[in-house]
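Colleague: In our numbering, the protein residues as written are 43 to 465. For glycine and all other residues, C-beta sits at the position ideal for the given N, C-alpha and C. This structure is a prediction, so every number in the text was calculated from the model and none was measured.
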């Protein structure tokens with residue numbers, strides 16, 4: 043379930059002409075999708091805690107697949123807006139749902155690595171999507187179906203396959219590690235289950251309990267974690283234009299439609315390497331806040347270099363490709379560690395689930411605002427948009443620095459019976 047991957051490739055396959063939308067209207071459509079995710083996060087997580095991940099998450103993926111397929115019938119701007127919003131509703135709660143599963147199946151000391159691996163799926167999908175879409179675009183006009191319609195059709199069908207796999211094999215919880223329909227499809231034998239349940243710490247192995255109003259109230263009023271959310275909102279917002287327009291930028295710089303999509307995957311692939319490096323640094327050092335600050339600052343410095351150099355090399359398509367690839371590589375290195383840092387400073391599964399949902403909601407607010415960074419009148423270099431991205435990244439850096447200093451101050455002032463905040 044990718045955010046904007048198929049759309050970025052569809053834009054090089056005649057989508058705008060067939061659906062009669064301009065660049066700024068594409069931005070509005072993406073904003074509506076992020077709005078749908080934002081509105082559905084808390085309700086989705088409440089349902090997740092009530093019915094359990096093995097029921098709720100496959101249902102979500104199933105609905106997302108059907109909505110994705112319905113996109114092939116889009117003919118105008120209204121249909122585009124409606125489908126984007128419905129995709130957002132269908133996707134809401136999926137990311138925090140996955141993070142919640144990880145928090146219950148692994149010890150707190152293992153959570154950072156596992157969360158980074160989990161985000162490999164999201165960012166890996168962004169990396170692989172352009173390659174798949176470049177191949178799918180070769181089907182353009184087969185059976186009188188446009189290339190961009192093939193992209194949405196096959197995306198939806200693959201998503202339905204994943205939904206059925208999840209229905210058959212996704213286990214419940216460490217206390218009940220069996221799939222929904224039959225124990226015969228269990229991924230664990232009795233010895234595995236015994237080891238699993240005995241290796242987990244008490245917080246990780248707590249029973250699944252519904253989210254109560256008291257949990258929601260306590261989490262919302264915990265002001266000391268809000269800098270995590272604001273930093274995520276500001277910095278992650280810069281990823282929105284990159285996921286939407288990188289193939290189009292490469293296409294207009296002189297690459298063919300297929301090559302532009304395939305080359306976009308290189309930046310996404312390098313992003314996985316960068317995420318892994320920072321995750322490893324975080325794991326070895328146990329300095330979550332410092333690692334977030336280094337990763338965020340690195341991204342900001344890359345953006346500054348990009349903005350200064352791009353006007354001088356804009357005539358050379360390979361140098362343009364290199365600069366945009368570098369930006370994409372560093373755009374999300376901080377993101378999984380910020381999530382882990384937040385999780386480790388939560389006290390209960392319910393509080394953790396709500397906090398992750400809030401984290402995603404703030405990320406969606408950021409993506410909504412970031413969707414308007416690359417405007418029609420700023421093409422082709424997007425110098426104004428890039429300057430805004432630089433300001434957002436270093437604004438987020440300062441907020442993360444404030445979060446680190448806040449935790450440090452609270453730990454120095456804490457009484458012996460008070461909690462210790464993890465730096």
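Keeping to the same chain, check which residues put their C-beta closer than 7 Å to that of residue 227; ignore five residues upstream and five downstream.
Modeller: Taking residue 227 as the centre and dropping the five residues before and after it, the same chain places the C-beta of 210, 211, 221 closer than 7 Å to its C-beta, in chain order.
Colleague: Indicate whether the contact test is met: 3 or more Cβ pairs, each with one atom in the segment 189-206 and one in the segment 69-82, closer than 8 Å.
Modeller: Counting Cβ pairs under 8 Å, fewer than three are found: no touch.
Colleague: Between which residues of its own chain and residue 66 is the CB-CB distance below 6 Å, once the five residues before and five after are set aside?
Modeller: The beta carbon of residue 66 is closer than 6 Å to those of 418 in its chain, skipping five residues each way along the sequence.
Colleague: Residue 233 to residue 298, Cα distance in whole Å?
Modeller: Residue 233 and residue 298 have their C-alpha atoms some 54 Å from each other.
Colleague: Just checking my contact of residue 523 with residue 261 at CB under 8 Å: how many whole Å lie between their CB atoms?
Modeller: Shown here, the chain extends from 43 to 465; a query on residue 523 therefore has no answer.
Colleague: Under DSSP, the alpha helix (DSSP H) around residue 433 begins and ends at which residues?
Modeller: Looking at the DSSP string, the run of the alpha helix (DSSP H) that includes residue 433 is 425-455.
Colleague: Is there contact between the segment 185-198 and the segment 46-61, where contact requires at least three CB pairs shorter than 8 Å?
Modeller: At 8 Å Cβ cutoff, the stretches touch.
Colleague: Cα separation between residue 81 and residue 195?
Modeller: Taking the straight line joining both Cα atoms gives about 26 Å.
Colleague: Contact between the segment 387-407 and the segment 346-366: three or more CB pairs below 8 Å?
Modeller: no
Colleague: If we ignore side chains and look at the alpha-carbon of each, how far apart do residue 91 and residue 348 end up?
Modeller: For residue 91 and residue 348, the distance between alpha carbons rounds to 44 Å.
Colleague: I'd like to check one pair, residue 134 with residue 79: are the Cβ atoms closer than 8 Å?
Modeller: yes
Colleague: Would a C-beta distance cut-off of 8 Å place residue 340 and residue 318 closer than the cut-off?
Modeller: no
Colleague: Tell me, which residues are paired with residue 218 by DSSP?
Modeller: 215
Colleague: Give me the Cα-Cα distance between residue 275 and residue 231, rounded to the nearest whole angstrom.
Modeller: 42 Å
Colleague: If distances are taken between C-alpha atoms only, which option among 153, 352, 428, 213 comes closest to residue 283?
Modeller: Nearest C-alpha to residue 283 among 153, 352, 428, 213: 428.
Colleague: Assuming residue 404 and residue 271 are in contact, meaning their beta carbons sit under 8 Å apart, how far apart are those beta carbons, in whole angstroms?
Modeller: 4 Å
Colleague: Can you tell me where the alpha helix (DSSP H) with residue 357 in it begins and where it stops?
Modeller: Note, residue 357: premise wrong, no alpha helix (DSSP H); not H, not E.
Colleague: How many angstroms separate the CA atom of residue 127 from the CA atom of residue 48?
Modeller: Rounded to whole angstroms, residue 127 to residue 48 spans 15 Å at the Cα level.
Colleague: Taking the alpha carbon of residue 144 as the point to measure from, which residue in 385, 411, 410 has its own alpha carbon closest?
Modeller: 385
Colleague: Where residue 369 and residue 432 are concerned, what is the direct C-alpha to C-alpha distance, given to the nearest angstrom?
Modeller: In this structure, the CA atom of residue 369 is about 11 Å from the CA atom of residue 432.
Colleague: Can you check DSSP and say which residues form a bridge with residue 184?
Modeller: 187
Colleague: Can you give me the C-alpha to C-alpha distance between residue 107 and residue 206, rounded to a whole angstrom?
Modeller: 11 Å
Colleague: Just verifying my parser: in three-state terms, what is the DSSP assignment at residue 370?
Modeller: DSSP places residue 370 in the helix class (H, G or I) of the three-state scheme.
Colleague: Residues in the same chain with beta-carbon distance under 7 Å from residue 333, minus the five sequence neighbours each way, listed in chain order, please.
Modeller: 320, 323, 324, 327, 379
Colleague: Three or more beta-carbon pairs under 8 Å between the segment 289-303 and the segment 174-186, yes or no?
Modeller: yes
Colleague: Quick one, which of 104, 426, 407 has its alpha-carbon nearest residue 350's?
Modeller: 426
Colleague: On the premise that residue 304 lies in contact with residue 172, defined as a C-beta separation below 8 Å, what is that separation, rounded to the nearest angstrom?
Modeller: 6 Å
Colleague: Tell me the DSSP secondary structure of residue 333 in three-state form.
Modeller: helix
Colleague: Going by Cα to Cα distance, which pick from 240, 223, 208, 197 is closest to residue 216?
Modeller: 240
Colleague: If we count the other Cβ atoms within 10 Å of its Cβ and call it buried at 16 or more, is residue 8 buried or exposed?
Modeller: No answer is possible for residue 8: the residues shown for the chain start at 43 and end at 465.
Colleague: Distance, Cα to Cα, residue 56 vs residue 356?
Modeller: 24 Å
Colleague: How far does the alpha helix (DSSP H) with residue 259 in it reach, from first residue to last?
Modeller: That run of the alpha helix (DSSP H) goes 255-262.
Colleague: Under the rule that 16 or more other beta-carbon atoms within 10 Å means buried, what is residue 51, buried or exposed?
Modeller: buried
Colleague: Using the beta-carbon count (16 or more within 10 Å), is residue 447 buried or exposed?
Modeller: exposed
Colleague: For residue 288, which three-state DSSP category applies?
Modeller: helix
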